Amino acid sequence: MRFSVNTALTVALGLVASTDALKILMGNDDGFGSGNLRELYKLLLDAGHEVLVVAPARGQSGKGSTVIWAETANLTTPSQYDIIPAGAPAVGRDPNNDNIWYYDGTPAACTFVALDFVLPRYYPDWNQTPDLFVSGPNYGTNLGAFVMGLSGTVGATFAAVSRSIPGIATSASNKAVPYFNVTSASDPAVLAAKVSFEVVNEFIQNTPEGQEILPLGYGVNVNIPELVNNTMPPVVKTRITGNANTDVAVYNETTGLFTWDNIDPLAAGINAAYNGDISLPGETWVVAGGGVSVSLFTLDFTAPSNKYTELVFDKVENLTSGSPSMNTTVYSKRMVEERMRKRGAMLTGRDGGA
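According to mature numbering (1 follows the signal peptide of the UniProt record, and there is no 0), the residues represented by the sequence shown are -21 to -1, 1 to 333, in order.
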């Protein structure tokens, strides 16, 4: 049975085992050989959880929530760090760990492959329904509203949350490292994993028995500053807007190619605050000051109920007022159910009624 604990997060890191084993699905956008990913995987295992990884066969940063499937049934080139040879199946197990899987697709595609292929075929007792999805820790932070649509780490989490699975995306400030090169307890990958574990574990430990870790449609975005020792930085409740960046296209006259940079000064559009508690500090500002940011998001992108929204809807009032001349179709619940019946049931678990 889970019980409530109030971990002192500002003291030296101490890993607290959870009181109830969960089924945790993990992913990322840095690839299944990521040192950050593997270190957090080990900590969650050590805490007594059943953990499964399904992550990209190679780095897929910047893909956001895009779902791109493998175009061939077999890898045309070796996977990340040459762990899997060319010619191997596009989806499969790590040769040294049966519970770590790769797929040659985007992070969001990996989430769906995990839920609809790996789990029902190889882990039927999961019933396609992990208790929690954890992504990362990413190499580099994912801060602000713009990267919420750009980050594959967040995109993999979006995919899980869209399937009614509580999701936590974690991102750190360290550089990329293969998991087999992480050999020291002071390695930045180890430190990033420990901080990520502390935040994830706090959510788990403070969830009463019988309650989901997050409400339906909710996700968490965690960002970790540079870590210089084994001390937990302060953890701060944040909002996604506030000192956040967006991109500009930078053209290279020599190569004829574009790359990105952050716009300066900060764009007002990306920092317009409408939703949630606008008194919270922005995650970008908090991480820059050495704190760990914890922001909540939902998949409900509907504009807030305010005067701006009313004025925008007023612009299409003539179209939305239900004019008899409009050829509108009323979609009843029965019609939707009939269409789903004809398609055939695909899902089991939380969204499939099984």
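Ideal Cβ placement from N, Cα and C applies to all residues, glycine included. This one's a predicted model, so the numbers in the text were calculated from it and none came from an experiment.
Residue range G146 to A151 is occupied by the beta strand (DSSP E) that includes G146. One thing to note: A171 has its Cβ within 7 angstroms of the Cβ of A151.
Here S44 really is in contact with F137; their C-beta atoms are around 5 angstroms apart, less than 8 angstroms.
Taking D77 as reference, the option from E29, Y230 and N224 with the minimal CA-CA separation is E29.
Relative to V33, the option among T220, K173, N224 and P109 whose CA is nearest is P109. Beyond the five residues adjoining it in sequence on each side, R37 comes within less than 7 angstroms, by CB distance, of G10, S58 and Q59 in the same chain, given in chain order. Between S284 and the set V178, W80, V271 and G255, the nearest pair of CA atoms involves G255. Its Cα nearest to that of T51, the residue A67 stands out among G41, I63 and A67.
With contacts defined as CB atoms closer than 7 angstroms, E18 and A168 qualify as a contacting pair.
About 6 angstroms separates the beta carbon of E262 from that of N202, a gap short enough to meet the 8 angstroms contact definition. The residues G6, N7, D8, A34, P35, Q39, K42, S114, G131, T132, G134, A135 and A138, in chain order, have a CB closer than 8 angstroms to that of P86 in the same chain once the five nearest residues on each side in sequence are set aside. Comparing alpha-carbon positions, the option among A93, F96, L122 and R218 lying closest to D226 turns out to be L122.
Across the set G12, P99 and T281, the C-alpha of G12 shows the shortest separation from the C-alpha of I63. For D25, the enclosing alpha helix (DSSP H) begins and ends at G14 to D25. Listed in chain order, the non-local C-beta contacts of L24 below 7 angstroms within the same chain comprise V30, local neighbours out to five positions each way being set aside. A distance below 8 angstroms between beta-carbons, with the five flanking residues on each side excluded, links F237 to the following residues of its chain, in chain order: A228, V229, Y230 and N231. For I183, there is no enclosing beta strand (DSSP E); the enclosing alpha helix (DSSP H) covers residues P167 to Q184.
Out of L298, K294 and F280, the CA that lies nearest to the CA of K286 is found in K294.
Burial is judged here by how many other beta carbons sit within 10 angstroms of a residue's own beta carbon; D279 has fewer than 16 and is exposed. Where A135 is concerned, the enclosing alpha helix (DSSP H) starts and stops at G131 to S141. Taking a 10 Å sphere around the C-beta of Q184, we find 16 or more other C-beta atoms and assign the residue as buried. When the alpha-carbon of Y197 is set against those of T277, L298, F176 and L259, the nearest one is in T277.
The DSSP-derived three-state label of L122 is coil.
DSSP, read as helix, strand or coil, puts L290 in helix. Among the bridge pairs identified by DSSP, S114 is matched with G6 and A148.
Under DSSP, V97 shares a beta bridge with no residue. Spatial neighbours of N160 in its own chain (CB-CB distance under 8 angstroms, excluding positions within 5 residues in sequence) are listed in chain order as G14.
The C-alpha of G119 lies about 18 angstroms from the C-alpha of V179. The C-beta distance from V214 to G270 rounds to 7 angstroms, short enough to meet the 8 angstroms contact threshold. Its Cα nearest to that of A88, the residue A49 stands out among L111, A49, A65 and Y158. Here R218 is actually not in contact with I249; their C-beta atoms are around 13 angstroms apart, not less than 8 angstroms.
Here DSSP, grouped into helix, strand and coil, assigns V161 to coil. For L31, the enclosing beta strand (DSSP E) starts and ends at E29 to P35.
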